[in-house]
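Q: The opening position of the sequence shown corresponds to residue 9 in my numbering, with each subsequent residue numbered one higher.
Ideal Cβ placement from N, Cα and C applies to all residues, glycine included.
Here the structure is a predicted model, which is why all the values come from computation and not from measurement.
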Amino acid sequence: MANRPNEIERKRLIKEYRTLADGITSILFRMDPVGIAVDNPHTDEYASEAAMIARFLPEAKDTEDLERAVREVFLRQFGEPLLGPITQYRDIALEIWRFTSEVRKAASG
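#1: To the nearest angstrom, how far is the alpha carbon of Arg26 from that of Met39?
#2: Using CA atoms only, rank isn't needed, just tell me which of Val46, Asp52 and Glu24 is closest to Arg63.
#3: May I ask you to report which of helix, strand or coil DSSP gives Val78?
#4: Do you know whose CA, among Phe86, Gly87, Glu57 and Glu53, lies nearest Ile104's CA?
#5: Inspect the beta-carbon positions of Ala101 and Glu67 and report whether they are closer than 7 angstroms.
#6: The alpha helix (DSSP H) that contains Leu102, what's its start and end?
#7: Under a three-way DSSP split, which group does Pro41 fall into?
#8: In or out: Val81 buried (at least 16 other Cβ within 10 Å) or exposed?
#9: Is Arg79 buried or exposed, if buried means 16 or more other CB atoms sit within 10 Å of its CB?
#10: So, for Thr71: in the same chain, excluding its five sequence neighbours on each side, which residues have a beta-carbon less than 8 angstroms away from its beta-carbon?
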């Protein structure tokens with residue numbers, strides 16, 4: 009049987025994932041890569057995209073990997089016409105990478 013986390017570890021992982029997904033949602037809303045946050049009070053507009061990105065984080069080796077994943081998520085969710093400039097995905101990936109590093113550093117104590 010695979011090494012499954014015990015109950016305490018499982019709860020910690022769930023909490024970390026939620027923290028990551030919520031933070032990524034905030035980053036995406038602030039940076040607004042497809043323009044849906046303008047004059048929009050619903051700050052969770054990018055929640056599903058954030059969850060997809062958060063699930064990819066363990067596989068990301070560097071910001072370039074993350075940039076490709078972020079762009080792929082937005083391509084899948086919104087299509088080519090709404091993607092916008094590639095440079096914005098680099099900026100988003102860098103911000104998510106920094107945030108993720110801070111969360112993991114705080115979690116490790």
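A: Quick look at the numbers:
#1: 20 angstroms
#2: Glu24
#3: helix
#4: Glu57
#5: no
#6: Ile94 to Ser116
#7: coil
#8: buried
#9: buried
#10: Arg98, Ala101, Leu102 and Trp105
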